[in-house]
Amino acid sequence: VLVFTSLRDSAKPQVYVRGADGSVRRLTEGRDAARPELSPDGRTVVFDSAEPGPGGTVQRDLWSVGVDGSNLRRLTDTADNEESPTWSPDGTRIAYACDGDTALGWQIYVRDVAGGPQTRISDAGAGDATEPSWNPGTDPADRNTVAYTLTTNPDPNVDDGTELRATEGLGTDRPLLVGGHAEWGTRSASWLPDGKDVVFLSPYHTCGCDDFDHVYRVTA
Numbered sequence: 758v759l760v761f762t763s764l765r766d767s768a769k770p771q772v773y774v775r776g777a778d779g780s781v782r783r784l785t786e787g788r789d790a791a792r793p794e795l796s797p798d799g800r801t802v803v804f805d806s807a808e809p810g811p812g813g814t815v816q817r818d819l820w821s822v823g824v825d826g827s828n829l830r831r832l833t834d835t836a837d838n839e840e841s842p843t844w845s846p847d848g849t850r851i852a853y854a855c856d857g858d859t860a861l862g863w864q865i866y867v868r869d870v871a872g873g874p875q876t877r878i879s880d881a882g883a884g885d886a887t888e889p890s891w892n893p894g895t896d897p898a899d900r901n902t903v904a905y906t907l908t909t910n911p912d913p914n915v916d917d918g919t920e921l922r923a924t925e926g927l928g929t930d931r932p933l934l935v936g937g938h939a940e941w942g943t944r945s946a947s948w949l950p951d952g953k954d955v956v957f958l959s960p961y962h963t964c965g966c967d968d969f970d971h972v973y974r975v976t977a
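This note's numbering puts the first residue of the sequence shown at 758, with every later residue one more than the last.
Spelled out as structure tokens, the structure:
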């Protein structure tokens, strides 16, 4: 099963699911959706959507919907922007990026899908924390690990100011890549199913090719 957003039937992107048989089903209407992710049990999709905010503003909030299109539910309704939800391995929690802290900017938070308070888990220092990706592995040592992209003021002579980091909560924040990879500009982490390797984007290259993003895989 694959979930994705598309403009195929609407002026704004909607969430779709593609089955193993090739059939495609539209799950949302009237949303401005992005970044859908399927739950570990394959029954529910979380995504973020642009919604009208106070004073004519627009805010991104988190939503969930069943893969059959039922039970559309708004998970957040605040003046802040929440985006890029990612499931915990047991399907009970989500991590996401939120800009609600005026001092820290964008940070990564965790909350129960059923509701309740959010808890900040990123504390890398200066920079915006976005694009969380929860480790899907079954190893107990990895089940609380969330990778994310930290964006700082870039030095154009070095990299693009992005760095992949990982955290299990405050006080555990660390670079995801070490050694020679640590100096690369890296972003958009996605774990492999075993939770040991991660793929990511980086403009770094050793060939004579154009300076565009390339896909890399590394053991985290």
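Every residue gets a Cβ at the ideal spot worked out from N, C-alpha and C, and that includes glycine.
Apart from the five residues just before and just after residue i, which ones in its own chain have a Cβ nearer than 6 angstroms to its Cβ?
i: D899; result: N892 and G952
i: N901; result: E925
i: S845; result: W891
Start and end of the beta strand (DSSP E) containing residue i?
i: A923; result: T919 to T924
i: G862; result: G862 to D869
i: Q875; result: Here Q875 belongs to no beta strand (DSSP E), and DSSP marks it neither H nor E.
i: R974; result: H971 to T976
i: P793; result: A790 to L795
i: W941; result: Careful: W941 lies outside any beta strand (DSSP E) and carries neither H nor E.
i: T762; result: L759 to S763
i: R850; result: R850 to D858
Report yes if the CB atom of residue i is closer than 7 angstroms to the CB atom of residue j, and no otherwise.
i: E839; j: T833; result: yes
i: A881; j: D930; result: yes
i: T843; j: S767; result: no
i: L819; j: D805; result: yes
i: A854; j: T876; result: no
i: T823; j: T849; result: The sequence given here places Gly at residue 823; Thr does not occur at that position. No, the Cβ-Cβ distance between G823 and T849 is not below 7 angstroms.
i: G884; j: T908; result: yes
i: S945; j: L927; result: no
From the DSSP output, in three-state form, read off residue i for me.
i: G699; result: Because residue 699 is not part of the residues shown, which for the chain are 758 to 977, the question remains open.
i: G823; result: strand
i: G884; result: coil
i: G936; result: helix
i: L784; result: coil
i: L907; result: strand
Grab me the residues of residue i's own chain with a C-beta within less than 8 angstroms of its C-beta, minus the 5 sequence neighbours each way, in chain order.
i: A790; result: T762, K769, P770, Q771, V772, F804, D805, S806 and W820
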